[in-house]
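> Structure provided below as structure tokens; questions to follow.
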Amino acid sequence: MSTIARKRIAALPNLPWEGSLQAVPELAADTYARRLAALRDRFGDHSHLVFYADREHFSNVEYFTGFDPRFEEALLIVPREGEVTLVVGNEGDDYANKIPFPFKKVIYPTFSLPGQPRESSLTLEEIFRASGIREGDRVGLAGWKLFGPKDPVRAEDALDAPYFIVRALERAVARGRISGANEIMIGNERGLRHSLEAEDMALCEIAGTMTSRSVYAVLRALKEGMSEEEASRELRISGMPLSAHPNVNFADNAFYGLASPTMASALRRGDVVGAGMAYRRSLCHKVSNYILDAREETEERRTFFDDYFRAVAAWYEALEIGAPGKEVYRAVRGEIGDLRAFGIGLNPGHLIHTEEWSNSPFAEDCDAPLRSGMAIQCDFTASRPARGLTVHAEDGVLLADAALRDALKRVAPEMLEEWSRTKKAPQHAAWLHEKARAAHAAKSRLGE
Numbered sequence: 122m123s124t125i126a127r128k129r130i131a132a133l134p135n136l137p138w139e140g141s142l143q144a145v146p147e148l149a150a151d152t153y154a155r156r157l158a159a160l161r162d163r164f165g166d167h168s169h170l171v172f173y174a175d176r177e178h179f180s181n182v183e184y185f186t187g188f189d190p191r192f193e194e195a196l197l198i199v200p201r202e203g204e205v206t207l208v209v210g211n212e213g214d215d216y217a218n219k220i221p222f223p224f225k226k227v228i229y230p231t232f233s234l235p236g237q238p239r240e241s242s243l244t245l246e247e248i249f250r251a252s253g254i255r256e257g258d259r260v261g262l263a264g265w266k267l268f269g270p271k272d273p274v275r276a277e278d279a280l281d282a283p284y285f286i287v288r289a290l291e292r293a294v295a296r297g298r299i300s301g302a303n304e305i306m307i308g309n310e311r312g313l314r315h316s317l318e319a320e321d322m323a324l325c326e327i328a329g330t331m332t333s334r335s336v337y338a339v340l341r342a343l344k345e346g347m348s349e350e351e352a353s354r355e356l357r358i359s360g361m362p363l364s365a366h367p368n369v370n371f372a373d374n375a376f377y378g379l380a381s382p383t384m385a386s387a388l389r390r391g392d393v394v395g396a397g398m399a400y401r402r403s404l405c406h407k408v409s410n411y412i413l414d415a416r417e418e419t420e421e422r423r424t425f426f427d428d429y430f431r432a433v434a435a436w437y438e439a440l441e442i443g444a445p446g447k448e449v450y451r452a453v454r455g456e457i458g459d460l461r462a463f464g465i466g467l468n469p470g471h472l473i474h475t476e477e478w479s480n481s482p483f484a485e486d487c488d489a490p491l492r493s494g495m496a497i498q499c500d501f502t503a504s505r506p507a508r509g510l511t512v513h514a515e516d517g518v519l520l521a522d523a524a525l526r527d528a529l530k531r532v533a534p535e536m537l538e539e540w541s542r543t544k545k546a547p548q549h550a551a552w553l554h555e556k557a558r559a560a561h562a563a564k565s566r567l568g569e
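Residue numbering for the sequence shown follows my numbering, beginning at 122 and increasing consecutively.
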């Protein structure tokens with residue numbers, strides 16, 4: 122890709138989502154039943170799989186139940202056959218009743234916040250045994266962190282739940298009978314949470330639309346002298362749960378990457394501006410410079426942005442069902458050379474679900490193919506702090522084959538109409554390249 126054409130756009134389209142909220146698909150009991158059945162098909166020699174969750178690391182438990190602990194720890198115990206057991210603290214008691222299918226609920230007060238009532242209860246070991254776990258059983262334990270071959274962690278230590286839970290499980294089944302099971306959930310090759318149903322993909326689109334609208338509102342409201350906190354008010358965050366802290370940052374603060382807005386800031390011409398937020402199943406984040414006239418652009422920054430745009434366009438062009446993750450990585454590298462030398466410290470993109478980052482197939486040596494049902498983030502910040510240069514254009518796409526698109530038509534017909542309408546709108550970009558634009562349209566949220 123050799124030429125970047127710059128085009129001035131008077132105003133970016135920010136079309137409201139016009140679908141009916143009554144048409145938003147729900148994840149119902151039959152969806153969770155299918156997910157549990159798919160999980161049991163992957164049990165191998167395990168008698169039970171135990172899933173750990175807390176406020177930050179809830180996605181596996183939420184995937185099977187719709188329940189996410191808000192203050193406490195929780196455990197979901199899934200036997201090879203029969204009813205699942207959910208172990209919660211005091212404040213999970215009522216909230217767990219939202220689960221739309223029969224299950225066994227056990228209150229374990231030790232999961233509750235410090236100082237709350239600790240009525241007499243079973244020990245964790247007794248709870249495990251009551252759920253059917255017996256000495257000598259082989260149990261899989263999954264929290265959230267998938268350890269890989271490059272992690273300097275011994276296999277017997279690769280258990281990502283609090284020590285007191287692991288020890289109780291060891292007393293129930295014997296040491297050496299527990300293994301990590303996160304590969305089943307978020308492995309790049311076959312992870313269950315990377316093959317979403319039509320209903321879940323529709324929820325991704327709703328979250329993505331709301332997120333991008335909020336970020337765009339911030340960008341439109343920017344004016345010289347305003348503080349980060351003032352600008353962040355334009356996010357107008359709803360009550361939907363977030364998967365990351367909102368970021369609205371100016372100047373040096375934007376180079377921290379993860380900082381929250383401050384009141385002691387004032388936007389100036391030429392400052393770096395970063396704006397982003399994330400409802401679950403989505404994230405939108407934009408970083409560039411605040412200028413009012415193209416003549417304010419430095420040659421160094423112009424070249425940096427052009428190179429970055431080529432890399433982003435190459436990313437979209439390489440994205441397709443069946444392509445190995447390494448091909449997307451190599452497409453980006455083909456435009457900018459060594460990623461770290463350019464200022465990109467992480468993978469060029471990743472998978473997303475109800476957490477902000479579940480895994481990433483976009484690595485130089487990853488043969489895992491992209492597949493229908495994946496929710497994917499185009500996410501790679503390029504940053505050179507010593508030169509005052511940074512840029513980011515993160516957004517999400519969904520991969521859907523013909524069968525999944527047909528399913529989307531059944532579960533979210535109004536959303537399909539909205540997608541068709543917005544695909545005809547002008548592109549949301551300040552710099553356009555015809556080939557990249559066509560590729561992006563072809564591989565949009567509805568494309569293969």
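The C-beta atom is built at its ideal place from N, Cα and C for all residues, glycine as well.
The structure displayed is predicted, hence computed values, not measured ones.
If contacts are defined as beta-carbon pairs under 8 Å, then S386 and N374 qualify, I think. What distance do you get, rounded to the angstrom?
Sequence index remark: in the sequence shown, residue 386 carries index 265 (1-based). Sequence index remark: in the sequence shown, residue 374 carries index 253 (1-based). So it is a contact: roughly 7 Å between Cβ atoms.
> If you pair each beta-carbon of the region 406 to 417 with each one of the region 386 to 398, do three or more pairs fall below 8 Å?
yes
> Under 7 Å Cβ to Cβ from D427, same chain only, skipping five residues before and after it: list those, please.
Position 306 of the sequence shown, counted from the first residue, corresponds to residue 427. Once the five neighbours on either side are set aside, the close Cβ partners of D427 are I125.
> At which residue ranges does the region 480 to 548 contain complete alpha helix (DSSP H) runs of 4 or more residues, listed in the order of the chain?
Here the runs fully enclosed are 523 to 532, 534 to 544.
> Taking just the CA atoms, how far does R298 sit from E277?
If you number the sequence shown from 1, residue 277 lands on position 156. If you number the sequence shown from 1, residue 298 lands on position 177. Distance between E277 and R298, taken at the CA atoms: about 10 Å.
> Starting from the C-beta of A302, find all residues in its chain whose C-beta is less than 7 Å away, skip the five residues before and the five after it, and write them out in chain order.
Translated into positions along the sequence shown, residue 302 becomes position 181. These residues qualify, in order along the chain: L170, G261, L262, A263.
> Just curious, the beta strand (DSSP E) that N309 is in, first and last residue?
As a position in the sequence shown, residue 309 is number 188, starting the count at 1. Premise fails: N309 is in no beta strand (DSSP E) and is neither H nor E.
> Check P200 in the structure and name its three-state DSSP category.
The count along the sequence shown starts at 1 and reaches residue 200 at position 79. If DSSP states are grouped into helix, strand and coil, P200 belongs with the strands.
> Round the Cβ separation of V294 and E256 to the nearest angstrom and send it over; I've been treating them as touching at under 8 Å.
Here the question's residue 294 lines up with position 173 in the sequence shown. Here the question's residue 256 lines up with position 135 in the sequence shown. At roughly 6 Å, the Cβ-Cβ gap stays under 8 Å, so V294 and E256 are in contact.
> K447 lies in the alpha helix (DSSP H); which residues open and close that run?
Here the question's residue 447 lines up with position 326 in the sequence shown. Unbroken alpha helix (DSSP H) run through K447: 446 to 457.
> Confirm, please, whether the CB-CB distance from S233 to E193 is below 7 Å.
The sequence position of residue 193 within the sequence shown is 72, counting from 1. The sequence position of residue 233 within the sequence shown is 112, counting from 1. Against a cut-off of 7 Å, the Cβ pair of S233 and E193 comes out as a contact.
> List in chain order: all unbroken beta strand (DSSP E) runs of 3+ residues lying wholly within the region 340 to 368.
As far as the region 340 to 368 is concerned, it has no whole beta strand (DSSP E) run of at least 3 residues.
> Mapping DSSP to helix, strand and coil, what is T124?
By one-based count along the sequence shown, residue 124 stands at place 3. Looking at T124 - three-state DSSP - the assignment turns out to be coil, as it is neither helix nor strand.
> Note down the Cα distance separating Q548 from S333, rounded to an integer number of angstroms.
For the purposes of this step, residue 548 is taken as the residue at position 427 of the sequence shown. For the purposes of this step, residue 333 is taken as the residue at position 212 of the sequence shown. Only weak support exists for where Q548 lies, its pLDDT of 35 falling under 50; the value from the coordinates is given anyway. Approximately 14 Å, taken between the alpha carbons.
> When we look at the beta-carbon of T206 and count the other beta-carbons within 10 Å, is it buried (16 or more) or exposed?
For the purposes of this step, residue 206 is taken as the residue at position 85 of the sequence shown. Burial call: buried.
> Contact between the region 153 to 165 and the region 235 to 243: three or more CB pairs below 8 Å?
With the cut-off at 8 Å, the region 153 to 165 and the region 235 to 243 do not touch.
> DSSP puts C325 in a beta bridge; with which residues?
What you label residue 325 is simply residue 204 of the sequence shown in a count that begins at 1. Answer is none; C325 lacks a bridge partner.
> Give the single residue among V512, R416, Y184, A217 whose Cα lies nearest to the Cα of R129.
Here residue 129 refers to the residue found at position 8 when the sequence shown is read from its first residue. Looking from the CA of R129, the closest CA among V512, R416, Y184, A217 belongs to R416.
> For D175, tell me which candidate among A503, F222, E291, D281 has the shortest Cα-Cα distance.
For this step, residue 175 is matched to residue 54 along the sequence shown. The residue with the shortest Cα to Cα distance from D175 is D281.
> Determine whether the beta carbon atoms of P382 and V369 lie at a separation below 7 Å.
Here residue 382 refers to the residue found at position 261 when the sequence shown is read from its first residue. Here residue 369 refers to the residue found at position 248 when the sequence shown is read from its first residue. Contact flag set, yes.
> Does the beta-carbon of E147 have 16 or more other beta-carbons within 10 angstroms, so that it is buried, or is it exposed?
In the sequence shown, the residue the question calls residue 147 occupies position 26. That one is exposed.
> Once the 5 residues before and after H474 are set aside, which same chain residues still bring their CB inside 7 Å of it?
Counting from 1 along the sequence shown, the entry for residue 474 is found at position 353. S180, R314, R402, A496.
> Classify N218: buried if its beta carbon has 16 or more other beta carbons within 10 angstroms, exposed otherwise.
Position 97 of the sequence shown holds residue 218. Looking at its Cβ environment, which holds fewer than 16 other Cβ atoms inside 10 Å, N218 is exposed.
> Quick one: what does DSSP say R129 is sitting in, helix, strand or coil?
Counting from 1 along the sequence shown, the entry for residue 129 is found at position 8. In this structure, R129 counts as coil in the three-state DSSP scheme.
> Checking 7 Å against the spacing of the C-beta atoms, do A484 and N468 come in under that value?
Locating residue 484 in the sequence shown gives position 363, where the first residue counts as 1. Locating residue 468 in the sequence shown gives position 347, where the first residue counts as 1. Yes, these two residues count as a Cβ contact at 7 Å.
> Tell whether a beta-carbon distance below 7 Å holds between G464 and A514.
As a working mapping, residue 464 is identified with position 343 in the sequence shown. As a working mapping, residue 514 is identified with position 393 in the sequence shown. Cβ distance not < 7 Å, so G464 and A514 don't count as in contact.
> With respect to the beta strand (DSSP E) encompassing I220, which residues constitute its N-terminal and C-terminal limits?
Residue mapping note: residue 220 aligns to position 99 of the sequence shown, counting from 1. Membership of I220 in any beta strand (DSSP E) is not indicated, and neither H nor E is assigned to it by DSSP.
> For the beta strand (DSSP E) containing T206, name the first residue and the last one.
On the sequence shown, position 85 is the one that residue 206 refers to. Per DSSP, T206 belongs to the beta strand (DSSP E) from 206 to 209.
> In the DSSP output, what is S316 paired with across the bridge?
As a working note, residue 316 is residue 195 in the sequence shown. For S316, which the question treats as bridged, DSSP gives no partner whatsoever.
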